[in-house]
Amino acid sequence: MWVIIITFATPSIGLTVENKDIERYLGEYQGISVSDPDGLLSARDLDVTVHTHDNGFVMEWVTITPTVNDQLKRQEYKVKFHPTQRESIYSAAMRPDLFGGWVPLDPFEGDPFMWARILDSTLTIYAMFITDTGAHDMQIYERTLTKDGLNLNFQRLRDDTSLGVVKGVLKRIR
96 MWVIIITFAT PSIGLTVENK DIERYLGEYQ GISVSDPDGL LSARDLDVTV HTHDNGFVME
156 WVTITPTVND QLKRQEYKVK FHPTQRESIY SAAMRPDLFG GWVPLDPFEG DPFMWARILD
216 STLTIYAMFI TDTGAHDMQI YERTLTKDGL NLNFQRLRDD TSLGVVKGVL KRIR
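Start counting the sequence shown at 96; every next residue gets the next number (this note's numbering).
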């Protein structure tokens with residue numbers, strides 16, 4: 096009796112099965128957003144980069160906003176995300192622990208608690224802060240894939256009251 100074993104090899108691109116859904120977001124994007132705080136329109140320059148890291152991904156974003164005294168305010172963020180046991184939901188890892196692993200920040204110390212999810216064609220990042228009075232302050236970054244890049248919809252809520260909305264368009268440059 097003969098037993099024939101057939102194996103198939105597929106190329107690896109560094110992503111686990113759980114992380115395949117992030118693959119379509121990988122790249123660099125640039126664009127402009129517009130917000131309307133207090134009825135005054137203001138533009139912001141945006142840069143977003145998404146790349147793989149270990150079995151997860153890293154999202155980096157830069158926002159440049161003009162200030163009232165004609166200066167530029169630059170904000171930079173870099174967050175590592177790792178798959179969880181729940182499909183298309185990622186936990187944030189923002190600082191190294193004593194053993195070299197990456198763990199979330201502590202929201203009770205004023206840091207954000209962050210996570211990400213992918214639903215359909217939208218990658219959403221949530222950042223929740225606990226205020227000094229114990230209220231929640233949520234920042235929600237929705238980045239929806241388009242044929243040319245990403246549409247951004249950002250909103251900030253404090254105890255479910257809107258504190259602002261920013262919308263933008265980012266073109267894929269790589």
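Just so it is clear, CB atoms sit at the ideal spot from N, CA and C, and this is done for glycine as well.
Cα-Cα separation between residue 117 and residue 157, rounded to whole angstroms: Counted from its first residue, the sequence shown places residue 117 at position 22. Counted from its first residue, the sequence shown places residue 157 at position 62. Distance between the alpha carbons of residue 117 and residue 157: 20 angstroms.
message: Suppose the cutoff is 7 angstroms on Cβ atoms and the five residues either side in sequence are ignored; what does the same chain contact list for residue 148 look like?
response: On the sequence shown, position 53 is the one that residue 148 refers to. These residues qualify, in order along the chain: 175.
- prompt: Do you know how far the Cα of residue 228 is from the Cα of residue 154?
  reply: In the sequence shown, residue 154 corresponds to position 59, counting from 1. In the sequence shown, residue 228 corresponds to position 133, counting from 1. Cα-Cα distance, rounded: 30 angstroms.
query: Quick one: Cα of residue 221 to Cα of residue 208, how far?
result: As a first step, residue 221 is located in the sequence shown; it is residue number 126 there, counting from the start. As a first step, residue 208 is located in the sequence shown; it is residue number 113 there, counting from the start. Looking at the two C-alpha atoms, the distance is approximately 8 angstroms.
- prompt: Which ranges would you report for the beta strand (DSSP E) in the stretch 145 to 213 if only whole runs of at least 3 residues count?
  reply: 151 to 161, 167 to 178, 184 to 188
task: Report the three-state DSSP secondary structure of residue 255 (helix, strand or coil).
output: What you label residue 255 is simply residue 160 of the sequence shown in a count that begins at 1. DSSP places residue 255 in coil when its eight states are reduced to three.
query: So which of 173, 203, 205, 234 has the shortest CA-CA distance to residue 255?
result: Locating residue 255 in the sequence shown gives position 160, where the first residue counts as 1. Out of 173, 203, 205, 234, 234 has the C-alpha closest to the C-alpha of residue 255.
task: Would you decide whether residue 178 is buried or exposed? Buried here means 16 or more other CB atoms lie within 10 Å of its CB.
output: Counting from 1 along the sequence shown, the entry for residue 178 is found at position 83. Answer is buried; the Cβ neighbour count reaches 16.
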